[in-house]
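See structure below.
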Amino acid sequence: MDQSSVAAAGAALVASVGNMTTSATNKLQDVSRKVALARLLDDKSSTSTSTSTSSDKAVDGKENSSVNSTASRDLAGRKVLSESGNSNNNNNNTARGAGHTNHGDLEALRDLRNLSSIVSEVERRAAALREAIDAHRRDNEARRAMSDATRQQTAQLAATLSALPEHLPHAAEEVPAAREAAVMANAAADDDAAAAAAVSTVPPAPSGGGNRRAKAKAAEPAGGGRDAEPNVATGRTVMPKVVPVELVTVGELNGVPRSTRGRLTIEQVNAAVTDIQKAIERRHAFLSKPRKKMSEKQRGRLEELLGQEVPAHGGRPFIAEPDLRALPSFKKGEMTAKALIATLRNLKRLKGVRGAGMMTYVV
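Just so we're aligned: the sequence shown equals residues 1037 to 1399 in the numbering used here.
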């Protein structure tokens, strides 16, 4: 039962109760008037009876004092007749008054019975209205509780969604093996084609001597030997394959001790992971450029980056601490930078390696 139906039922019940109350009041007034009329008739009948009796006694006394002894019998006979007539009249008046009284009492009892039935009906309808109001109140309480529960669940979902990273990490098994094999085959074919092109562009060695530098350059694959295998002639390290760094989940971040992560949020941690990934990709792209296309400044930077490599890196991509602290996510204060580095090391996203005069972090 909705609120509008309850309100309509209540209004109808109030109107009917008002009508029944008015009718009961009118009937009660009629009963009161009838009872008063019946009492008035009873009083009049008793008054007329006493008056007629006293007048008859006075007449009899006067007649007895004025008549002689010889006419006493006749007067006595007339007195008897007069008394019998008066008594008959009194009896008739009394019976008539009693009849009026009995009739008024019956009507009063009938009206009282009707009034009692009306009151019972009013009480029954009032009880029904109270029951409907209680049911409506219970429904409202249930709806309010359901609304509160829905509001709490919505707040929890909003908090969960806000804590989720923008890009969820993908598991290794999600990448099909055939697709990975095709990518590796294409990369190998590209390396072979680049090596063949480099060999074809090398001029032939002069007869009788031998140009060691030309031979070494001819033996070196495209890209300066950094993309394929180690080159003995140049001593250049093999460029490792760039592997995507997995983003941090809410559960992983909650597993880090509060003393380590401080007040870091999931957004700050994943922003740092994204910046590190971009820095690794830029480093890989720079080291993969052919040396002949670099300027003197770029060649100096290349030698600096190659000098940061140590055997402990194990051929994995890394980033030096100065380059790490130059990223946007690590420029928001010394405490924030330390907390980010400690958190990522705790989550196995970074591994600190000391060597070459500085601290480096392997991804």
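Ideal placement from N, C-alpha and C gives every residue a C-beta, glycine not left out.
F1354 has V1398 as its beta-bridge partners, per DSSP. If you ignore the 5 residues before and after H1349, its C-beta comes within less than 8 Å of the C-beta of V1389, T1396, V1398, all in its own chain and listed in chain order.
When C-beta atoms of the stretch 1320-1331 are compared with those of the stretch 1361-1376, fewer than three pairs fall below 8 Å, so the two segments do not count as touching. Shown here, R1361 sits in a helix according to DSSP, grouped into three states. Taking every protein chain shown into account, the CB of N1176 has fewer than 16 other CB atoms within 10 angstroms, so this residue is exposed. DSSP lists Y1397 as the beta-bridge partner residues of G1388.
Under the criterion of beta carbons closer than 8 Å, A1392 and Q1344 qualify as touching, at roughly 5 Å. Residues V1067, K1070, V1071 of the same chain have their beta carbon placed closer than 7 Å to that of A1144, with the five preceding and five following residues left out of the count. Where S1295 is concerned, the enclosing alpha helix (DSSP H) starts and stops at 1294-1297. Counted as a single uninterrupted DSSP element, the alpha helix (DSSP H) harbouring M1371 occupies residues 1370-1382. K1314: member of the alpha helix (DSSP H) spanning 1302-1323, first to last residue.
Straight through space, the alpha carbons of N1290 and A1164 are spaced by roughly 57 Å.
Boundaries of the alpha helix (DSSP H) around R1335: 1332-1343. If you look at L1289, you'll find it in the alpha helix (DSSP H) that goes 1286-1291. Of the residues assessed, V1155 falls on the exposed side of the cut-off, its CB having fewer than 16 other CB atoms within 10 angstroms. In this structure, the alpha-carbon of I1355 lies about 9 Å from that of L1386. Its chain contains I1316, E1317, H1320, P1353 as the residues whose beta carbon lies nearer than 8 Å to that of V1278, once the 5 sequence neighbours on both sides are disregarded; these appear in chain order. Taken through DSSP and simplified to helix, strand or coil, V1155 comes out as helix. The shortest C-alpha to C-alpha distance from V1158 to any of A1044, M1056, S1041 is the one to M1056.
Taken through DSSP and simplified to helix, strand or coil, L1283 comes out as coil. Residues of the same chain with a CB within less than 7 Å of the CB of V1281, apart from the 5 flanking positions on each side, are V1309, I1312, Q1313, R1385, V1399 in chain order. The beta carbon of Q1334 sits closer than 7 Å to none of the beta carbons in its chain outside the five residues before and after it.
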